[in-house]
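Chains as they are written, first to last, in the numbering used here: chain A, 12 to 312; chain B, 24 to 284.
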C-alpha cells in the first residue's frame, strides 16, 4: 500500500487555481520528489498532504489516514518541515528540541539526534546565532524528533551554500536509509537528480510526468555528440542513419543530435569508413533538458 | 513490573491527545524563557515597583490633599502605578511576543506539530496573566502594606475591576497581536492604546485634577474605569459593563482578524 496517495487533487484560492489535477503515490521507504518551477503548486500540494489545507476536490491519504480528519494521529506520525518556517530568535537549540519532543508520544532521544545532525556543539546556541545550514538541520531535527514514518521536506536547501547543501543531502539519504519515507519538494534539478528515487514533475498545477530521474531524462531523447572527422564525410550519409535527428556544421566540427543509440550508430558508421572522430564529446541529456521540454510542452497547451 | 507493562503497550494504543497538561506546561515554559530573555521582560514589573518606591520615599506624598478630595498623592498613585503592569503586558508584551513568532514564520512550525497553534497562544496568555497578577499584587502589597497608602473601601469591586480591566486590555492587545507581522508594527499598534490608558488612569495628571469632560471620557477607557471603581466614583456596574464590553468586542475582533501565518 502506498504511504502517500494523492488522487486528482484540486485546490484554488479565489479565482486562482493553485493545484489543478495532481495525482501520485509515494511508496514506503523511497525518497519521492516533487519537482517544478516556482508557483507550480508544490507548496499547496504539500500543505494538503500535511493537513494544513483541505482540498477542494480529490483525495489525499497519508498512511491510510485523511490528513484533515485524522489530524491528531497524522501529526504524531508525519514530520513536516515547511518552507521558511523559522523559530523565535531567542529560543535555544536544545530547549526547542525538548519542547517539540514533549509533544510526541514516543519521541527520539535528543542528544543522539543532535549529534547525528551535527548540532551537538550548538545545543545551547540561540536560533538567531545559527547559520543557514544549521537552521535547516534544526528544521530536519524537529521534523524527526517524533520518530515519524514519513517526513515532508519543503524547499530544504533553498538559500544554502553548495557545501551546506551537500551535507543536507547526505542527511536526507541517511533518513531514508533509516527506513523513513521522504517526500521532498524542490525546484533544484541537481537535488532531485541526486536524491530522489522517483519524482513527479509538476507544472501549472498539473503533474506532467512521474518517473525516476534517469527515466525522465531519457524521455527527451537522449544524446548529442560533437567531433571533427579525420577525413570528409557527406551530410547525407550521416542523416541516412535513423538514429540521427539533426546535423549542424561549425567549420570543421560536426554536431549531431538524436536518440538513445546515436553514439553507437554514428561511431560504427565512422569505423566502417575508417574515419576517426577527433575531439569527440558526448552529452547525455539531463533532467534539466527533461524539465525544460516537459514544462515547455505544458505551456503550449 | 510496572515499567514492563508500560513498555508493552503498543504506541498506537496510547493517546495521541493534542493537548495534555504536560504539553501545555512545556509551552508555558517556552514563553516564560522567551520573556526572561527579552530586555523589556523584567522592566514590566521593575519600572512600576521603582516608581512606587520613589513616590513612597518622597515625604510630601503622604499628606492628604484638598485637591485630591482629601487623599494623599501616594493614595492616588498606588492603583495608577499598579495599572502600568497589565498595560505594559497587554499593549506591548502580548503583541510583541506574538510578532516575534510571526516574524520568523514560527506559527507554521507549530501548526504542523501535534499541539494546535491555539494552544501556543493560550499558553502565552496564561503566562502573561500570571505575570500581571504577580506584578499588581506586588505593587499593591508594597503600596498599601509598606508605604501605608489607604486601602480602597470596596476590595471586591477593586479585584473584579482589575481582573476585568486586564481581560479588557488583553482583548484589545490581542487585536494588535492578531495583525502585527513585525515587532515594530506590534509596538506601533499597541503603544497608543497604552498611553491613552496611562493618561486616563492618572499617570501624568491625577484623575481628580483632570477637566470634568476628561473625567467623563475616562469612564469609558478601560483603566479609567478601573481607577473609578478603586476610588468609588460612579456606578460600579457601569465600570464593569464597560470593561466587559471591551473584553467581548476585542475578543470578537481579534478572533476575526487573527492570522496564523
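Where is the CB? At the ideal position from N, CA and C, for every residue including glycine.
Legend entry - Nearest residue (CA-CA) to residue 82 of chain A, options A:212, A:59, A:26: A:59
Inset, instruction - Specify the secondary structure class of residue 172 of chain A as computed by DSSP and reduced to three states. - result: coil
Inset, instruction - With 7 Å as the threshold, decide whether the Cβ of residue 96 of chain A is near any Cβ in chain B. - result: yes
Legend entry - Identified DSSP bridge partners for residue 239 of chain A: A:289
Inset, instruction - Assign residue 258 of chain B to buried or exposed, taking buried as 16 or more other Cβ atoms, counted over all protein chains shown, within 10 Å of its Cβ. - result: exposed
Inset, instruction - Have a look at B:271, B:252, B:49, B:177 and flag the residue whose alpha-carbon is nearest the alpha-carbon of residue 149 of chain B. - result: B:49
Inset, instruction - Throw me the rounded Cβ distance for the residue 200 of chain A and residue 156 of chain A pair, which I believe falls under 8 Å. - result: Not quite, the Cβ-Cβ distance comes to about 30 Å (not below 8 Å), so this is no contact.
Inset, instruction - With 7 Å as the C-beta to C-beta threshold (strictly closer), list the residues of the segment 54-86 of chain A near chain B in chain order. - result: 61, 63, 83, 84, 86
Legend entry - Distance CB(residue 184 of chain B)-CB(residue 252 of chain B) smaller than 7 Å: yes
Inset, instruction - Can you say whether residue 262 of chain B is buried or exposed, counting buried as having 16 or more other CB atoms within 10 angstroms of its CB? - result: buried
Inset, instruction - Using a Cβ-Cβ cut-off of 7 Å, state whether residue 154 of chain B counts as contacting chain A. - result: no
Inset, instruction - Report buried or exposed for residue 142 of chain A, applying the criterion of at least 16 other Cβ atoms within 10 angstroms of its Cβ. - result: exposed
Legend entry - Presumed contact (8 Å Cβ cut-off) between residue 246 of chain B and residue 110 of chain B, rounded CB distance: 6 Å
Inset, instruction - My understanding is that residue 62 of chain B touches residue 158 of chain B, with C-beta atoms under 8 Å, so please give their C-beta distance in whole angstroms. - result: Not really, about 17 Å apart at Cβ, beyond 8 Å.
Inset, instruction - Note down the Cα distance separating residue 163 of chain B from residue 106 of chain B, rounded to an integer number of angstroms. - result: 10 Å
Legend entry - Counted within 10 angstroms of its Cβ, other Cβ atoms place residue 257 of chain A as buried (16 or more) or exposed: exposed
Inset, instruction - Confirm, please, whether the CB-CB distance from residue 144 of chain A to residue 171 of chain A is below 7 Å. - result: yes
Inset, instruction - Determine the contact status of residue 57 of chain A and residue 208 of chain A, defining contact as a CB-CB distance below 7 Å. - result: no
Inset, instruction - Using only alpha-carbon positions, find the residue among A:12, A:14, A:36 that is nearest to residue 218 of chain A. - result: A:36
Inset, instruction - Go ahead and pull the three-state DSSP assignment for residue 116 of chain A. - result: coil
Legend entry - Within chain A, partners of residue 56 of chain B - CB distance below 9 Å: 101, 102, 103, 106
Inset, instruction - Assuming residue 92 of chain A contacts residue 163 of chain A (C-beta within less than 8 Å), just tell me the rounded distance between them. - result: 7 Å
Legend entry - Near-chain A residues of the segment 113-124 of chain B (beta-carbon distance less than 9 Å), N- to C-terminal order: 120, 123, 124
Legend entry - Alpha-carbon spacing of residue 238 of chain B relative to residue 244 of chain B, whole angstroms: 10 Å
Inset, instruction - Within its chain, find whatever has a CB closer than 6 Å to the CB of residue 101 of chain B; leave out the 5 residues flanking it on each side and keep chain order. - result: 166, 172
Inset, instruction - Return helix, strand or coil for residue 42 of chain A, following the three-state DSSP convention. - result: strand
Inset, instruction - Give the C-beta separation of residue 18 of chain A and residue 69 of chain A to the nearest angstrom, bearing in mind that I take them to be a contact with Cβ-Cβ under 8 Å. - result: 6 Å
Inset, instruction - Say yes only if the C-beta of residue 41 of chain A is nearer than 6 Å to one or more non-hydrogen atoms of the ligand GTP, and no if none qualify. - result: The ligand GTP is absent from the structure shown, which contains no ligand whatsoever.
Legend entry - DSSP state of residue 84 of chain B mapped onto helix, strand, coil: helix
Inset, instruction - Establish whether the CB of residue 129 of chain B and some CB of chain A are separated by less than 7 Å. - result: yes
Legend entry - Where residue 376 of chain A falls: helix, strand or coil (DSSP): This structure does not reach residue 376 of chain A, given that chain A is present from 12 up to 312, and the question cannot be answered.
Legend entry - Where residue 138 of chain B meets chain A, residues with beta-carbon distance less than 8 Å: 114
Inset, instruction - Taking 8 Å as the threshold, find out whether the segment 237-247 of chain A comes into contact with the segment 276-295 of chain A through three or more Cβ pairs. - result: yes
Legend entry - Runs of alpha helix (DSSP H) lying entirely within the segment 128-198 of chain B, each at least 4 residues, in chain order: 129-134, 140-163
Legend entry - Of the residues A:213, A:234, A:261, A:266, the one placed nearest residue 331 of chain A, counting alpha carbons only: Because chain A spans 12 through 312 in this model, residue 331 of chain A falls outside it and cannot be assessed.
Legend entry - residue 174 of chain B beta carbon less than 7 Å from that of residue 117 of chain B: no
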